[in-house]
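Enquirer:
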Amino acid sequence: MPSTLHARRGFTLVELLVAVVVLTIVLGGIYNLLLNTQRVSRAQAERMDMQSNMRAGTLIVPSELREVGYDTTYLPAAGGLAGSLSTVQSDILAMGPTSIRFRAVRRSGIICAVGATTVTVFGQWTTVGWNASGYRAPSVNDDLTIFVEGGTTTGADDRWITRDIIGITTAGVNCPALGAIGAGPGTQFTMLGFAGVNDPVTSAQITVGSPVRLNEIMEYSLYTDADGRNYLGAQSISAGGGRQPVLGPLNPNNGFNLTYLDLNGNQVACAAPCNGGFASADMQARRRVRTVGVSVVAISDENVSPAGTGANQQLLDSVVTLVTLRNAVHR
0 MPSTLHARRG FTLVELLVAV VVLTIVLGGI YNLLLNTQRV SRAQAERMDM QSNMRAGTLI
60 VPSELREVGY DTTYLPAAGG LAGSLSTVQS DILAMGPTSI RFRAVRRSGI ICAVGATTVT
120 VFGQWTTVGW NASGYRAPSV NDDLTIFVEG GTTTGADDRW ITRDIIGITT AGVNCPALGA
180 IGAGPGTQFT MLGFAGVNDP VTSAQITVGS PVRLNEIMEY SLYTDADGRN YLGAQSISAG
240 GGRQPVLGPL NPNNGFNLTY LDLNGNQVAC AAPCNGGFAS ADMQARRRVR TVGVSVVAIS
300 DENVSPAGTG ANQQLLDSVV TLVTLRNAVH R
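Numbering (numbering that gives the first Met the number 0), first residue to last: 0 to 330.
#1: In chain order, what residues of the same chain lie with their CB nearer than 6 Å to the CB of T117, ignoring the 5 residues before and after it?
#2: So L213 packs on L143, CB below 8 Å; how close in whole Å?
#3: Going by the beta-carbon positions, is the gap between I110 and G181 smaller than 9 Å?
#4: Let's see if you can read the secondary structure: which residues bound the beta strand (DSSP E) around P61?
#5: Is Q313 helix, strand or coil by DSSP?
#6: Decide if G377 is buried, meaning its Cβ has at least 16 other Cβ atoms within 10 Å, or exposed.
#7: Using 10 angstroms around the beta-carbon of L24, count the other beta-carbons present and answer buried if the total reaches 16, otherwise exposed.
#8: Distance check for S235 and I216, CA to CA, integer angstroms please.
#9: Excluding the 5 residues flanking E218 on each side, which residues of the same chain have their C-beta closer than 6 Å to its C-beta?
#10: Skipping 5 residues on each side, what residues in its chain have a beta carbon closer than 6 Å to that of D226?
#11: Give the DSSP-derived three-state secondary structure of D281 in the structure shown.
#12: Under three-state DSSP, which class holds R289?
#13: Looking only at its chain, what residues have a beta carbon closer than 7 Å to the beta carbon of S89, apart from the 5 residues adjacent to it on each side?
#14: Would you report the Cα separation of G241 and G28, rounded to the nearest angstrom?
#15: Just verifying my parser: in three-state terms, what is the DSSP assignment at Q331?
#16: Can you list, in chain order, the residues of its chain with a C-beta nearer than 7 Å to that of M282? Leave out the 5 residues immediately preceding and following it.
#17: Within this structure, are the beta carbons of R350 and L324 separated by less than 9 Å?
#18: Name the residue from T97, S299, S51 and L191 whose alpha carbon lies nearest to the alpha carbon of G292.
#19: Helix, strand or coil: which one does DSSP assign to A203?
#20: On a Cα-Cα basis, can you pick out the residue from V172, L221 and G149 that is closest to I205?
#21: Classify T57: buried if its beta carbon has 16 or more other beta carbons within 10 angstroms, exposed otherwise.
#22: So, under 8 Å CB-CB, T320 and P61 are touching, yes? Tell me the CB distance rounded to an integer number of Å.
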(Lines of atoms letter the chains of each structure in order from A; the text may use other names.)
(Lines give C-alpha, C1' and ligand atoms only; values in the text may rest on other atoms or scores of the structure.)
Protein backbone atom coordinates (compact mmCIF):
# COMPACT_ATOMS: atom_id res chain seq x y z
CA MET A 0 0.00 0.00 0.00
CA PRO A 1 1.58 3.35 -1.07
CA SER A 2 2.46 5.83 1.68
CA THR A 3 0.38 9.06 1.96
CA LEU A 4 3.29 10.93 3.51
CA HIS A 5 5.42 13.11 1.28
CA ALA A 6 9.02 13.96 2.07
CA ARG A 7 9.52 17.59 3.15
CA ARG A 8 11.78 19.56 0.84
CA GLY A 9 14.04 22.41 2.24
CA PHE A 10 15.66 25.50 0.60
CA THR A 11 18.59 24.94 -1.59
CA LEU A 12 21.88 26.78 -1.04
CA VAL A 13 21.30 28.86 -4.16
CA GLU A 14 17.89 30.00 -2.92
CA LEU A 15 19.36 31.00 0.44
CA LEU A 16 22.12 32.97 -1.26
CA VAL A 17 19.60 34.78 -3.47
CA ALA A 18 17.46 35.65 -0.43
CA VAL A 19 20.49 36.97 1.45
CA VAL A 20 21.57 39.10 -1.52
CA VAL A 21 18.06 40.55 -1.99
CA LEU A 22 17.77 41.27 1.75
CA THR A 23 21.20 42.92 1.74
CA ILE A 24 20.24 45.15 -1.18
CA VAL A 25 16.97 46.17 0.49
CA LEU A 26 18.62 46.87 3.84
CA GLY A 27 21.45 48.75 2.13
CA GLY A 28 18.95 50.94 0.32
CA ILE A 29 17.08 51.65 3.56
CA TYR A 30 20.37 52.43 5.33
CA ASN A 31 21.48 54.83 2.58
CA LEU A 32 18.09 56.53 2.63
CA LEU A 33 18.26 57.00 6.39
CA LEU A 34 21.88 58.15 6.19
CA ASN A 35 21.11 60.70 3.47
CA THR A 36 18.08 61.93 5.41
CA GLN A 37 20.24 62.35 8.50
CA ARG A 38 22.86 64.27 6.51
CA VAL A 39 20.26 66.56 4.97
CA SER A 40 18.73 67.18 8.41
CA ARG A 41 22.16 68.01 9.84
CA ALA A 42 22.85 70.37 6.94
CA GLN A 43 19.50 72.10 7.39
CA ALA A 44 20.07 72.44 11.13
CA GLU A 45 23.55 73.91 10.51
CA ARG A 46 22.16 76.32 7.92
CA MET A 47 19.32 77.43 10.21
CA ASP A 48 21.74 77.94 13.10
CA MET A 49 24.14 79.89 10.88
CA GLN A 50 21.38 82.08 9.40
CA SER A 51 19.79 82.69 12.80
CA ASN A 52 23.15 83.70 14.24
CA MET A 53 23.88 85.91 11.25
CA ARG A 54 20.47 87.62 11.39
CA ALA A 55 20.91 88.39 15.08
CA GLY A 56 24.37 89.84 14.48
CA THR A 57 23.33 91.85 11.46
CA LEU A 58 20.47 93.37 13.44
CA ILE A 59 22.77 94.46 16.25
CA VAL A 60 25.49 96.13 14.17
CA PRO A 61 23.24 98.24 11.87
CA SER A 62 21.06 99.30 14.80
CA GLU A 63 24.19 100.47 16.64
CA LEU A 64 25.55 102.27 13.59
CA ARG A 65 22.24 104.09 13.05
CA GLU A 66 22.96 105.91 16.31
CA VAL A 67 26.18 107.30 14.82
CA GLY A 68 25.64 110.84 13.66
CA TYR A 69 26.96 114.31 13.10
CA ASP A 70 26.67 117.13 15.55
CA THR A 71 27.61 120.74 14.98
CA THR A 72 30.41 122.15 17.08
CA TYR A 73 32.51 125.26 16.84
CA LEU A 74 35.98 124.77 15.42
CA PRO A 75 38.40 127.47 14.27
CA ALA A 76 38.98 127.83 10.53
CA ALA A 77 42.59 126.77 10.94
CA GLY A 78 44.47 123.57 10.28
CA GLY A 79 42.61 122.93 7.04
CA LEU A 80 39.20 122.98 8.73
CA ALA A 81 37.69 125.96 6.95
CA GLY A 82 34.26 125.70 5.37
CA SER A 83 31.38 123.38 6.23
CA LEU A 84 33.67 120.66 7.57
CA SER A 85 34.69 122.96 10.39
CA THR A 86 31.17 122.82 11.84
CA VAL A 87 30.72 119.05 11.80
CA GLN A 88 31.94 116.57 14.39
CA SER A 89 31.47 112.89 13.60
CA ASP A 90 30.58 110.29 16.20
CA ILE A 91 32.92 107.95 14.32
CA LEU A 92 36.15 107.95 16.30
CA ALA A 93 38.15 105.43 14.25
CA MET A 94 37.33 103.49 11.13
CA GLY A 95 38.91 100.74 9.08
CA PRO A 96 37.88 98.00 6.64
CA THR A 97 37.23 95.45 9.42
CA SER A 98 36.67 97.66 12.50
CA ILE A 99 34.85 100.79 13.59
CA ARG A 100 34.90 102.75 16.87
CA PHE A 101 32.11 105.21 17.61
CA ARG A 102 29.93 106.89 20.21
CA ALA A 103 26.89 104.69 20.84
CA VAL A 104 23.88 106.50 22.32
CA ARG A 105 22.76 104.72 25.46
CA ARG A 106 20.31 107.16 26.99
CA SER A 107 18.81 110.61 26.58
CA GLY A 108 17.48 113.03 29.14
CA ILE A 109 16.60 116.60 30.07
CA ILE A 110 18.83 119.00 32.00
CA CYS A 111 17.33 120.32 35.22
CA ALA A 112 20.35 122.28 36.54
CA VAL A 113 23.66 123.65 35.27
CA GLY A 114 26.83 124.36 37.25
CA ALA A 115 30.27 125.66 36.34
CA THR A 116 31.45 122.18 35.35
CA THR A 117 28.31 120.09 35.90
CA VAL A 118 24.93 119.31 34.44
CA THR A 119 22.15 117.56 36.32
CA VAL A 120 19.50 115.51 34.54
CA PHE A 121 16.16 114.14 35.63
CA GLY A 122 16.24 110.59 37.02
CA GLN A 123 18.83 108.49 38.79
CA TRP A 124 20.60 106.99 35.81
CA THR A 125 22.82 104.71 37.88
CA THR A 126 19.88 102.66 39.18
CA VAL A 127 16.63 101.26 37.81
CA GLY A 128 16.11 103.63 34.90
CA TRP A 129 19.46 102.77 33.34
CA ASN A 130 19.78 99.08 34.07
CA ALA A 131 16.19 98.39 33.02
CA SER A 132 17.28 99.25 29.48
CA GLY A 133 19.70 96.33 29.49
CA TYR A 134 22.89 98.40 29.73
CA ARG A 135 25.38 98.85 32.49
CA ALA A 136 25.38 101.91 34.73
CA PRO A 137 27.18 104.96 33.24
CA SER A 138 30.86 105.35 34.07
CA VAL A 139 33.39 108.18 34.18
CA ASN A 140 34.76 107.00 30.85
CA ASP A 141 31.49 107.68 29.03
CA ASP A 142 30.64 111.10 27.66
CA LEU A 143 27.69 113.46 27.35
CA THR A 144 26.52 115.19 24.20
CA ILE A 145 24.76 118.41 25.21
CA PHE A 146 22.50 120.67 23.18
CA VAL A 147 23.59 124.31 23.11
CA GLU A 148 20.89 126.86 22.34
CA GLY A 149 22.19 129.85 20.43
CA GLY A 150 19.70 132.56 19.66
CA THR A 151 16.13 131.69 20.54
CA THR A 152 14.80 133.11 17.27
CA THR A 153 16.85 130.89 14.93
CA GLY A 154 18.20 127.37 14.81
CA ALA A 155 21.15 128.25 12.61
CA ASP A 156 23.43 128.87 15.59
CA ASP A 157 22.28 125.86 17.64
CA ARG A 158 24.77 123.03 18.09
CA TRP A 159 25.76 120.03 20.16
CA ILE A 160 28.95 119.61 22.16
CA THR A 161 30.50 116.46 23.61
CA ARG A 162 32.22 116.35 26.98
CA ASP A 163 34.00 113.54 28.84
CA ILE A 164 32.48 112.58 32.19
CA ILE A 165 34.86 112.66 35.17
CA GLY A 166 32.33 112.27 38.00
CA ILE A 167 28.81 110.94 38.62
CA THR A 168 26.72 111.73 41.71
CA THR A 169 23.19 110.66 42.68
CA ALA A 170 23.25 110.86 46.49
CA GLY A 171 21.23 113.88 47.59
CA VAL A 172 20.74 115.09 44.01
CA ASN A 173 17.23 116.33 43.22
CA CYS A 174 15.65 118.14 40.28
CA PRO A 175 12.96 120.82 40.62
CA ALA A 176 9.81 120.58 38.55
CA LEU A 177 10.16 121.68 34.94
CA GLY A 178 7.03 122.12 32.87
CA ALA A 179 5.23 118.78 32.69
CA ILE A 180 8.15 117.03 34.38
CA GLY A 181 7.62 116.77 38.11
CA ALA A 182 10.31 117.26 40.72
CA GLY A 183 12.31 114.18 41.61
CA PRO A 184 15.71 112.53 41.97
CA GLY A 185 18.44 113.53 39.54
CA THR A 186 21.92 112.54 38.40
CA GLN A 187 24.76 115.06 38.37
CA PHE A 188 27.56 114.67 35.82
CA THR A 189 30.86 116.46 36.35
CA MET A 190 32.90 117.26 33.24
CA LEU A 191 36.25 118.78 32.42
CA GLY A 192 34.55 122.08 31.78
CA PHE A 193 32.61 123.70 28.98
CA ALA A 194 35.30 126.03 27.67
CA GLY A 195 37.72 123.95 25.63
CA VAL A 196 40.43 124.68 23.11
CA ASN A 197 38.33 123.63 20.14
CA ASP A 198 34.92 124.53 21.52
CA PRO A 199 34.73 127.66 23.72
CA VAL A 200 31.27 127.04 25.18
CA THR A 201 30.62 128.38 28.68
CA SER A 202 28.19 127.04 31.25
CA ALA A 203 26.06 130.15 30.72
CA GLN A 204 25.26 128.89 27.23
CA ILE A 205 23.80 125.64 28.57
CA THR A 206 20.14 126.10 29.41
CA VAL A 207 17.85 124.20 31.74
CA GLY A 208 15.46 122.09 29.69
CA SER A 209 18.05 121.25 27.02
CA PRO A 210 18.37 117.61 25.94
CA VAL A 211 21.47 115.51 26.54
CA ARG A 212 22.62 112.11 25.29
CA LEU A 213 24.75 109.70 27.26
CA ASN A 214 27.26 107.90 25.03
CA GLU A 215 29.29 104.74 25.40
CA ILE A 216 32.41 104.34 23.27
CA MET A 217 32.03 101.04 21.40
CA GLU A 218 34.18 99.15 18.94
CA TYR A 219 33.12 96.40 16.54
CA SER A 220 35.91 94.48 14.85
CA LEU A 221 36.81 91.22 13.14
CA TYR A 222 39.15 89.03 15.19
CA THR A 223 40.52 85.50 15.41
CA ASP A 224 39.65 83.56 18.56
CA ALA A 225 41.75 80.95 20.34
CA ASP A 226 40.03 78.24 18.29
CA GLY A 227 41.46 79.76 15.11
CA ARG A 228 38.11 80.92 13.80
CA ASN A 229 37.06 84.45 12.89
CA TYR A 230 34.34 86.28 14.76
CA LEU A 231 32.79 89.71 14.91
CA GLY A 232 33.50 91.08 18.36
CA ALA A 233 32.09 93.97 20.39
CA GLN A 234 34.05 95.83 23.03
CA SER A 235 33.09 98.70 25.29
CA ILE A 236 36.08 101.04 25.25
CA SER A 237 34.43 103.14 27.96
CA ALA A 238 33.83 100.27 30.37
CA GLY A 239 37.00 98.37 29.51
CA GLY A 240 37.09 94.60 29.61
CA GLY A 241 37.61 92.11 26.82
CA ARG A 242 36.04 91.73 23.44
CA GLN A 243 32.87 89.64 23.29
CA PRO A 244 31.81 87.60 20.24
CA VAL A 245 28.66 88.89 18.54
CA LEU A 246 28.58 86.87 15.34
CA GLY A 247 30.47 83.91 13.98
CA PRO A 248 32.21 81.91 12.86
CA LEU A 249 32.86 84.07 9.81
CA ASN A 250 34.66 83.51 6.54
CA PRO A 251 38.41 84.03 7.16
CA ASN A 252 38.84 86.05 3.96
CA ASN A 253 35.90 88.45 3.92
CA GLY A 254 33.81 87.63 6.98
CA PHE A 255 33.23 91.25 8.07
CA ASN A 256 33.86 94.26 5.86
CA LEU A 257 32.94 97.92 6.18
CA THR A 258 32.70 100.43 3.34
CA TYR A 259 32.40 104.16 3.99
CA LEU A 260 30.57 106.38 1.48
CA ASP A 261 30.26 110.15 1.26
CA LEU A 262 27.23 112.27 0.36
CA ASN A 263 27.64 111.44 -3.35
CA GLY A 264 28.10 107.71 -2.82
CA ASN A 265 31.85 107.79 -3.35
CA GLN A 266 34.07 105.70 -1.11
CA VAL A 267 35.90 107.63 1.60
CA ALA A 268 39.56 106.68 1.70
CA CYS A 269 41.40 106.77 5.00
CA ALA A 270 44.33 104.66 6.16
CA ALA A 271 43.40 102.48 9.15
CA PRO A 272 42.92 103.08 11.98
CA CYS A 273 41.89 106.56 10.80
CA ASN A 274 41.71 108.07 14.28
CA GLY A 275 43.66 111.35 14.04
CA GLY A 276 42.82 114.58 15.86
CA PHE A 277 40.77 117.63 14.90
CA ALA A 278 43.28 119.13 12.48
CA SER A 279 44.16 115.89 10.72
CA ALA A 280 43.15 114.44 7.38
CA ASP A 281 41.70 111.48 9.31
CA MET A 282 39.18 113.74 11.05
CA GLN A 283 38.15 115.30 7.76
CA ALA A 284 37.70 111.84 6.21
CA ARG A 285 35.46 110.70 9.08
CA ARG A 286 33.38 113.86 8.69
CA ARG A 287 32.68 113.02 5.07
CA VAL A 288 31.10 109.62 5.84
CA ARG A 289 27.33 109.58 5.35
CA THR A 290 26.63 105.89 4.77
CA VAL A 291 28.32 102.73 6.01
CA GLY A 292 28.09 99.48 4.06
CA VAL A 293 28.22 96.36 6.24
CA SER A 294 29.06 93.03 4.60
CA VAL A 295 28.96 89.77 6.58
CA VAL A 296 29.89 86.31 5.26
CA ALA A 297 29.12 83.57 7.78
CA ILE A 298 30.20 79.93 7.74
CA SER A 299 28.73 76.87 9.44
CA ASP A 300 30.23 75.44 12.61
CA GLU A 301 30.71 72.02 11.01
CA ASN A 302 31.22 70.59 7.53
CA VAL A 303 28.03 69.02 6.22
CA SER A 304 26.59 67.50 3.05
CA PRO A 305 23.82 69.88 1.85
CA ALA A 306 22.30 67.33 -0.59
CA GLY A 307 22.86 64.30 1.62
CA THR A 308 25.40 62.88 -0.81
CA GLY A 309 28.91 63.79 -1.77
CA ALA A 310 31.75 65.15 0.33
CA ASN A 311 31.09 67.25 3.39
CA GLN A 312 31.70 70.97 3.01
CA GLN A 313 31.34 74.20 4.94
CA LEU A 314 28.18 76.18 4.34
CA LEU A 315 28.39 79.87 3.44
CA ASP A 316 25.83 82.65 3.62
CA SER A 317 26.15 86.41 3.32
CA VAL A 318 24.23 89.63 3.87
CA VAL A 319 24.97 93.23 2.88
CA THR A 320 23.40 96.23 4.64
CA LEU A 321 23.67 99.96 3.93
CA VAL A 322 23.25 102.15 7.01
CA THR A 323 22.59 105.89 6.69
CA LEU A 324 24.02 107.70 9.69
CA ARG A 325 21.83 109.73 12.01
CA ASN A 326 21.04 113.25 10.70
CA ALA A 327 23.57 112.74 7.89
CA VAL A 328 21.12 114.08 5.30
CA HIS A 329 21.30 117.48 6.97
CA ARG A 330 25.09 117.78 6.71
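Heads up, the beta-carbon is just placed ideally off N, CA and C, and yes, glycines get one too.
Expert: The structure says:
#1: In the sequence shown, counting from the first residue as 1, residue 117 sits at position 118. If we look at T117 and ignore the five residues flanking it on each side, its Cβ neighbours are Q187 and T189.
#2: Here residue 213 is taken as the residue at index 214 of the sequence shown, counted from 1. Here residue 143 is taken as the residue at index 144 of the sequence shown, counted from 1. Indeed they touch by this definition, with Cβ atoms about 6 Å apart.
#3: Numbered from 1 along the sequence shown, position 111 holds the residue referred to as residue 110. Numbered from 1 along the sequence shown, position 182 holds the residue referred to as residue 181. Going by C-beta atoms, I110 is not nearer than 9 Å to G181.
#4: Sequence index remark: in the sequence shown, residue 61 carries index 62 (1-based). No beta strand (DSSP E) contains P61, which is instead part of the alpha helix (DSSP H) from L12 to L64.
#5: The sequence position of residue 313 within the sequence shown is 314, counting from 1. Three-state DSSP puts Q313 in coil, outside helix and strand.
#6: The first residue shown for the chain is 0 and the last is 330, placing residue 377 beyond what the model contains.
#7: Locating residue 24 in the sequence shown gives position 25, where the first residue counts as 1. Rather than Leu, the amino acid found at residue 24 in this sequence is Ile. Under this definition I24 is an exposed residue.
#8: Walking along the sequence shown from the start, residue 216 turns up at place 217. Walking along the sequence shown from the start, residue 235 turns up at place 236. If I take the Cα positions, the gap works out to 6 Å.
#9: Numbered from its first residue, the sequence shown carries residue 218 at position 219. So the qualifying residues of the chain are R100, Q234 and I236.
#10: Within the sequence shown, numbered from 1, the residue matching residue 226 stands at position 227. Once the five neighbours on either side are set aside, D226 has no close Cβ partner at all.
#11: For the purposes of this step, residue 281 is taken as the residue at position 282 of the sequence shown. Judged by DSSP in its simplified three-state form, D281 adopts helix.
#12: The residue given as residue 289 occupies position 290 in the sequence shown. In this structure, R289 counts as coil in the three-state DSSP scheme.
#13: Stepping through the sequence shown from its first residue, residue 89 is reached at position 90. Only Y69, R285, R286 and V288 meet the Cβ criterion.
#14: Along the sequence shown, read from residue 1 onward, the residue named residue 241 stands at position 242. Along the sequence shown, read from residue 1 onward, the residue named residue 28 stands at position 29. Looking at the two C-alpha atoms, the distance is approximately 52 Å.
#15: Only positions 0 to 330 of the chain appear in the structure, and residue 331 is not among them; the question remains open.
#16: As a working mapping, residue 282 is identified with position 283 in the sequence shown. Closer than 7 Å at Cβ, skipping near neighbours: G275 and G276.
#17: Outside the displayed range of the chain (0 to 330) lies residue 350, so it cannot be described from this structure.
#18: Against the sequence shown, residue 292 aligns to sequence position 293. For the residues T97, S299, S51 and L191, the minimum Cα distance to G292 belongs to T97.
#19: For the purposes of this step, residue 203 is taken as the residue at position 204 of the sequence shown. Looking at A203 - three-state DSSP - the assignment turns out to be helix.
#20: The residue labelled residue 205 in the question sits at position 206 within the sequence shown. Of V172, L221 and G149, the residue nearest in Cα terms is G149.
#21: Mapped onto the sequence shown, residue 57 falls at position 58. Buried: at least 16 other Cβ atoms inside 10 Å.
#22: Within the sequence shown, residue 320 is the residue found at index 321, counting from 1. Within the sequence shown, residue 61 is the residue found at index 62, counting from 1. Between T320 and P61 a beta carbon distance of about 5 Å is seen, short of the 8 Å cut, so the two are scored as contacting.
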